[in-house]
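In the UniProt record's numbering, the protein residues as written are 1 to 344.
Below is the structure:
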């Protein structure tokens, strides 16, 4: 079911299979989420194939490491498309990679982008399953600003497109709720000086830190934050924290670390997904999280379009529901040990 990209290039177009380029981070700051993403995508493909396939074709996944530099990922995807080796693109990755892939796939092949995104127009043939910064933050900023008079906020993120959009959306929303931004910092990927950042946060007198750091950088910051003894004094909210990131950070028992994502493994398993995942991969499976679950939804969405003979760039909407028929919506969850529990 998993096809090496070099093999796909050599073989070219396939009549027997619909080949989906699965662009997920297998390296880089988000690389720790890759194993669960592969497991979820494979589960989605297996379910599609077991249900009879896609109009006589099997669904296969061509893996593309989207954890590299945007131009490298785009070059690989351009080669696959030029060779007719893939029929669609799906996955999650940072928004700079997303922009590069959008330019390559525009008006050419369907592209389903599954995680929270930076907002703006998605482009022809691009489907967004996640939320924009405003959609993520709207249910949260007013609630937390009103709680215990939490009025002083710090914004800390990586220096690329998605955190820029998060900060741009957060500032007016916080001001409208009566809060102020006392610190605004963006740091390079992989170059986060966590001790220095934590020191700046402490000196700023902030009450809440809105984190748009991702992957390993987010975990590094949270570990330094705990070492500094600030977990009971300053509340943290992240738009990119899910179970893998919490495990990487060593867990959190303070009750003052929150995540804003659309899905958590600790939720009631309404559609049975977590149980199907556990049944398929067993007790040693990679930890489930929102990124991986979004990847599952993306593959299922591609499969549904193909089964309906609607997998073409002109027929795609810019947003889409998941397999349950509902669009992803952000939820607020609190870290408790090594789980994230929905609080509203």
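A virtual CB, placed ideally from N, CA and C, is assigned to each residue, including glycine. Note that the coordinates shown come from a computational prediction; the quantities given were computed from them, not determined experimentally.
Residue of the options minimising C-alpha distance to residue i
| i | options | result |
| --- | --- | --- |
| residue 53 | 305, 335 and 220 | 305 |
| residue 113 | 339, 341 and 293 | 293 |
| residue 96 | 73, 296, 106 and 109 | 73 |
| residue 37 | 177, 16 and 63 | 63 |
| residue 32 | 193, 92 and 274 | 92 |
| residue 87 | 24, 12 and 49 | 12 |
| residue 213 | 231, 246 and 228 | 246 |
| residue 365 | 110, 49, 25 and 26 | Given that the chain is displayed from residue 1 to residue 344, the structure contains no residue 365 and the question cannot be resolved. |
Residue i (DSSP reduced to helix, strand or coil)
| i | result |
| --- | --- |
| residue 311 | coil |
| residue 212 | strand |
| residue 323 | The predicted position of residue 323 is uncertain, since its pLDDT is 43 and thus under 50; a value taken from the coordinates is nonetheless stated next. Three-state result, residue 323: coil. |
| residue 263 | coil |
| residue 361 | Residue 361 lies beyond the stretch modelled for the chain, which goes from 1 to 344, so this question has no answer here. |
| residue 299 | helix |
| residue 7 | helix |
| residue 237 | strand |
| residue 103 | helix |
Cβ-based burial, residue i [other Cβ within 10 Å; buried from 16]
| i | result |
| --- | --- |
| residue 349 | Here the chain covers residues 1 to 344 and nothing more, so residue 349 does not appear. |
| residue 431 | With the chain covering only 1 through 344, there is no way to say anything about residue 431. |
| residue 144 | buried |
| residue 5 | buried |
CB contact flag (residue i, residue j, <7 Å)
| i | j | result |
| --- | --- | --- |
| residue 162 | residue 181 | no |
| residue 346 | residue 216 | A query on residue 346 cannot be resolved here, the shown segment of the chain reaching from 1 to 344 and no further. |
| residue 106 | residue 124 | yes |
| residue 9 | residue 83 | yes |
| residue 252 | residue 335 | yes |
| residue 219 | residue 59 | no |
| residue 291 | residue 248 | no |
| residue 102 | residue 127 | no |
| residue 266 | residue 338 | no |
| residue 352 | residue 224 | Coverage of the chain is limited to positions 1 through 344, which leaves residue 352 absent and any answer about it impossible. |
heavy atom of the ligand NAP below 6 Å from residue i C-beta
| i | result |
| --- | --- |
| residue 100 | Annotation note on the ligand NAP: not contained in the displayed structure, which lists no ligands. |
>> So, does the segment 243-259 touch the segment 158-177, judging by three or more C-beta pairs under 8 Å?
In response: no
> If we count Cβ pairs, one from each stretch, closer than 8 Å, do we get three or more for the segment 192-212 versus the segment 235-246?
Replying inline: yes
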